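Data first, discussion second: the structure below is written as structure tokens.
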Amino acid sequence: MSKRGVQLGKSLLIAEKPSQAKKIAEAFSYKSQSGYIEILPCDTFKEGALVTNAIGHILQLVDAKTYDPIYEKWDVSTLPVLPNQFKLAVDPSKRQQFNKIKKLVMDPSISEIVNCGDPGMEGQLLVDEILVLLGNKKPVKRLWSTSLTKDAIRKACKTLRNNKDYENIYYSALARQHSDWLLGINATRLISCLIKERGFQLTGSRESSFSCGRVQSPLVALIYRREIEIENFVSHPYWDIYAEFNIEGKTYKGKWFSEGEEHIFDKDTAGAFVEYCIGKGAYIHSIKSEEKAIRPPQLYNLTTLQSEGNKKLGMSPSEILKVAQGLYQRSLISYPRSQPRHVTPEEAKLFPTILENLSKTPEYAALLPAPIKDISGDKRFVDASKTDDHYAIILTEESVDLSSLSKAEKVIYDMIAKSMIAAHYPDATYNTTEIVTVVDERFTFMTRGKQMVDEGWLTVFGKESMESDDEGEDDELVTGLKENEKGIIASIEMKEGKTTSPKRYTLGNLVKLMENCGNALSKEEKMDFKNSELALGTVATRAGIINQIKDNAKYIRVEKNKIYLEPKGRMLIEALKGNQYLTSPITTGRMERYLEKIAKEKVNYKQDYEKFVNRTKDIVKEIVETTIENSKSWNFEDLMKEHQESKVLGPCKVCGEPVIDVGNFYGCTAYAKTKCTFKLPKKYLEKALSPSVIESILTKGTSPLIKGFQSKTKDKKFEAFLEWSPAENRLQCIFPPKKSNK
Numbered sequence: 002m003s004k005r006g007v008q009l010g011k012s013l014l015i016a017e018k019p020s021q022a023k024k025i026a027e028a029f030s031y032k033s034q035s036g037y038i039e040i041l042p043c044d045t046f047k048e049g050a051l052v053t054n055a056i057g058h059i060l061q062l063v064d065a066k067t068y069d070p071i072y073e074k075w076d077v078s079t080l081p082v083l084p085n086q087f088k089l090a091v092d093p094s095k096r097q098q099f100n101k102i103k104k105l106v107m108d109p110s111i112s113e114i115v116n117c118g119d120p121g122m123e124g125q126l127l128v129d130e131i132l133v134l135l136g137n138k139k140p141v142k143r144l145w146s147t148s149l150t151k152d153a154i155r156k157a158c159k160t161l162r163n164n165k166d167y168e169n170i171y172y173s174a175l176a177r178q179h180s181d182w183l184l185g186i187n188a189t190r191l192i193s194c195l196i197k198e199r200g201f202q203l204t205g206s207r208e209s210s211f212s213c214g215r216v217q218s219p220l221v222a223l224i225y226r227r228e229i230e231i232e233n234f235v236s237h238p239y240w241d242i243y244a245e246f247n248i249e250g251k252t253y254k255g256k257w258f259s260e261g262e263e264h265i266f267d268k269d270t271a272g273a274f275v276e277y278c279i280g281k282g283a284y285i286h287s288i289k290s291e292e293k294a295i296r297p298p299q300l301y302n303l304t305t306l307q308s309e310g311n312k313k314l315g316m317s318p319s320e321i322l323k324v325a326q327g328l329y330q331r332s333l334i335s336y337p338r339s340q341p342r343h344v345t346p347e348e349a350k351l352f353p354t355i356l357e358n359l360s361k362t363p364e365y366a367a368l369l370p371a372p373i374k375d376i377s378g379d380k381r382f383v384d385a386s387k388t389d390d391h392y393a394i395i396l397t398e399e400s401v402d403l404s405s406l407s408k409a410e411k412v413i414y415d416m417i418a419k420s421m422i423a424a425h426y427p428d429a430t431y432n433t434t435e436i437v438t439v440v441d442e443r444f445t446f447m448t449r450g451k452q453m454v455d456e457g458w459l460t461v462f463g464k465e466s467m468e469s470d471d472e473g474e475d476d477e478l479v480t481g482l483k484e485n486e487k488g489i490i491a492s493i494e495m496k497e498g499k500t501t502s503p504k505r506y507t508l509g510n511l512v513k514l515m516e517n518c519g520n521a522l523s524k525e526e527k528m529d530f531k532n533s534e535l536a537l538g539t540v541a542t543r544a545g546i547i548n549q550i551k552d553n554a555k556y557i558r559v560e561k562n563k564i565y566l567e568p569k570g571r572m573l574i575e576a577l578k579g580n581q582y583l584t585s586p587i588t589t590g591r592m593e594r595y596l597e598k599i600a601k602e603k604v605n606y607k608q609d610y611e612k613f614v615n616r617t618k619d620i621v622k623e624i625v626e627t628t629i630e631n632s633k634s635w636n637f638e639d640l641m642k643e644h645q646e647s648k649v650l651g652p653c654k655v656c657g658e659p660v661i662d663v664g665n666f667y668g669c670t671a672y673a674k675t676k677c678t679f680k681l682p683k684k685y686l687e688k689a690l691s692p693s694v695i696e697s698i699l700t701k702g703t704s705p706l707i708k709g710f711q712s713k714t715k716d717k718k719f720e721a722f723l724e725w726s727p728a729e730n731r732l733q734c735i736f737p738p739k740k741s742n743k
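Numbered according to the working numbering, the sequence shown spans residues 2 to 743.
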């Protein structure tokens, strides 16, 4: 007991992941113990502290069958599933770590607990839900830090707040978790069962079911919309007219335009126009010259980092996030799952130190010191009102040897470093000129010129950036001309082009689409929503959602970074037609508005949570009712055939019918009709067999040489080809010829 009669004890810090726990401990003197890290007594923790960690979400909402055995079998008649109270269970693969946390939370020597989850909604929920499940009664505080440098952690540990101050964020996260479960589990079972009734094969695998959700389904719907636009697009030829003028002995070129038009869509008309204009008189109607300043790009948030990283590296958004997360865990950058593109004045105070450290790195030495020393007053970069619990992704004060980074880490680190350096450079400035020339008193031609005055921040990014900033204005600046000067057309020609279809989305611009869906909707569709309000998911979840529709549900495929809608994705959206709750970003926009309201609410967040979940239950009931009715007119025969053909790996070795991936094994599609039992395993002698290996066996008779097979005694590994043995009705290994010793 202390002199004041207060029981003293240790603090238990619960981090979100092992690497985070280690970073927190490293800010103090510590000892590694069995199952936790011990922070030794210090000014911040007088009695010392223990640090443990979750492994991401250790808990998960239980499946429907846990509430009632009637839900064991997927059946439309049992829908909707609407639990009165949501239940959590420990992820079986993380049970051991949960027990370690439980033991420490229950330890009598622990007097208070500190939630050290990531500074965001999921980080708050992830630790809080563990404490709720354990029935914790001990005081809980919150460590909230967007940086994992030692100084930032020490500062955050000295300014811990009561965890109840963040209870509104917890309830907002809980509302999202529960509403997403309600929509997802009901819509997935509903669509899957109804399409199965139309003849689609459900094998029990994730790939065969029709996964639905509040965010992923509208995303697939937007991709579907683009796919239809591309399919329905008809390319038309057009002709552009280019003339070279001779005005008072000075020559320049111009392109014909007229009231918003710049193409002629009839070849004969274009030809007649050219013939008519040969040798005709011309005069300069107007000359507009101005100096344009282009500001440095804003600092990165996760979306822009993923989008540009995809262009530079060809990596998916989830891969870019993984790289950024690794840099964060090494204390080299600030928290990456960030939406703002500004920093607060407090963070801006660190910029001189960060740039000073960069100046000692050979790769940046030539760019520093920067021309502008202080940007704290520049609202393009520094504005507390444009930040939330996070700020733009910036470097920390930690120095780094770039040779210690992987190729991807170097690129991402370099992007962030140069964005900060560029912010300390002046604007890039150009002189631009627009000349309108009139021919025969009635035809207008436009000439545009551009000349760089000061490279400014473009210097930081080099030649590539300067070229990409040209915006199609390739003509040199024309000088020495005056308005009303006269001359003639020296030459004229027409060039053929053709209209092009809308571009396919890439993985990089898909995250940008999700951040701002309003750009893909008409004004009528958007109603009263701003573009920025029509977002799908959050910066923290978008990469995972893309993976879900690509790798798990198989609604899309990616070829050379371009996104194509699969037949299964088309079936999903056509099944959901007329159901705006699951296909329109507007529904998600409304929900996000309310979730944000809960997160900002200081008093009534529990009641708002209840309202939100109850409203979701009403929506689910409506979805079930309307979709069952709409399904009576579904006809997916052609799409199902196309889907089946796209999944065929080869002919059955017994009956010749198609073989596909049916979940736990590769099997013959004729089983339902003829009971053909031909199947191939997904793992053979401890080696996973990919679809491409199976395809080779079925179509070529043998697999490629496969390394890593394990002997039956499991004491050695070997390599072999695989072939199907009709006599033994199984796979067999064919060993390659032994290499000669000669």
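The C-beta atom is built at its ideal place from N, Cα and C for all residues, glycine as well. In this text, all values refer to a predicted model and were calculated from it rather than measured experimentally.
Asked                                                                                                                             : Found
Beta carbon of residue 120 nearer than 8 Å to that of residue 499                                                                 : no
Sequence-distant residues of the same chain with beta carbon closer than 7 Å to residue 81, five excluded per side                : 187, 621, 622, 625
Secondary structure of residue 177, DSSP reduced to three states                                                                  : helix
Residues near residue 49 in its chain [Cβ-Cβ closer than 6 Å; skip 5 each side]                                                   : 11, 40, 41, 42
Three-way DSSP call (helix, strand, coil) for residue 517 in this model                                                           : coil
Proximity winner among 125, 44, 30, 104, relative to residue 57 (alpha-carbon distances)                                          : 125
Three-state secondary structure assigned by DSSP to residue 278                                                                   : helix
Residue 277 versus residue 444: straight-line alpha-carbon distance, rounded                                                      : 11 Å
Continuous beta strand (DSSP E) assignments of at least 3 residues falling wholly in the region 483 to 562                        : 487 to 499, 557 to 560
Residue(s) in a DSSP beta bridge with residue 433                                                                                 : 291, 451
Beta-carbon proximity of residue 211 to residue 641, cut-off 8 Å                                                                  : no
Beta carbon of residue 339 nearer than 8 Å to that of residue 426                                                                 : no
Alpha-carbon spacing of residue 155 relative to residue 148, whole angstroms                                                      : 11 Å
Cβ-based burial, residue 473 [other Cβ within 10 Å; buried from 16]                                                               : Residue placement at residue 473 cannot be trusted, given a pLDDT of 48 that sits under 50; the coordinates are not used to answer.
Proximity to residue 602 [Cα-Cα], best of 83, 170, 95                                                                             : 170
Beta-carbon proximity list for residue 441, same chain, < 6 Å, skipping 5 on both sides                                           : 281
Sequence-distant residues of its chain with Cβ nearer than 8 Å to residue 503 (five each side left out)                           : 227, 230, 231, 234
Continuous beta strand (DSSP E) assignments of at least 3 residues falling wholly in the region 23 to 99                          : 31 to 34, 37 to 40, 50 to 54, 60 to 62, 89 to 91
Alpha-carbon to alpha-carbon, residue 87 and residue 734                                                                          : 50 Å
Own chain partners of residue 319 with C-beta closer than 6 Å, once the 5 adjacent residues on each side are dropped              : 544, 548
Residues that DSSP places opposite residue 244 in a beta bridge                                                                   : 255, 493
Residue 158 - containing alpha helix (DSSP H), residue span                                                                       : 151 to 159
At least three beta-carbon pairs within less than 8 Å, the region 125 to 143 to the region 355 to 375                             : no
Per-residue DSSP class, three states only, for residue 344                                                                        : strand
Sequence-distant residues of its chain with Cβ nearer than 6 Å to residue 28 (five each side left out)                            : 151, 154, 155
Pairwise C-alpha distance: residue 509 and residue 563                                                                            : 9 Å
Residue 159 versus residue 51 - alpha carbon distance                                                                             : 16 Å
Terminal residues of the beta strand (DSSP E) in which residue 217 lies                                                           : That residue, residue 217, is in no beta strand (DSSP E); its alpha helix (DSSP H) goes 217 to 233.
Ordered list of beta strand (DSSP E) runs contained in the region 108 to 148, each at least 3 residues                            : 111 to 117, 141 to 143
Host alpha helix (DSSP H) of residue 571 (start-end)                                                                              : 568 to 576
Distance, residue 692 Cα to residue 720 Cα                                                                                        : 19 Å
Presumed contact (8 Å Cβ cut-off) between residue 648 and residue 667, rounded CB distance                                        : Not quite, the Cβ-Cβ distance comes to about 10 Å (not below 8 Å), so this is no contact.
Beta-carbon contacts of residue 519 that lie in its chain and below 6 Å, excluding the five residues immediately before and after : 527, 532, 535
Bridge partners - residue 13, DSSP secondary structure assignment                                                                 : 51, 114
Within the region 662 to 742, ranges of the alpha helix (DSSP H) (whole runs, at least 4 residues)                                : 672 to 675, 692 to 701
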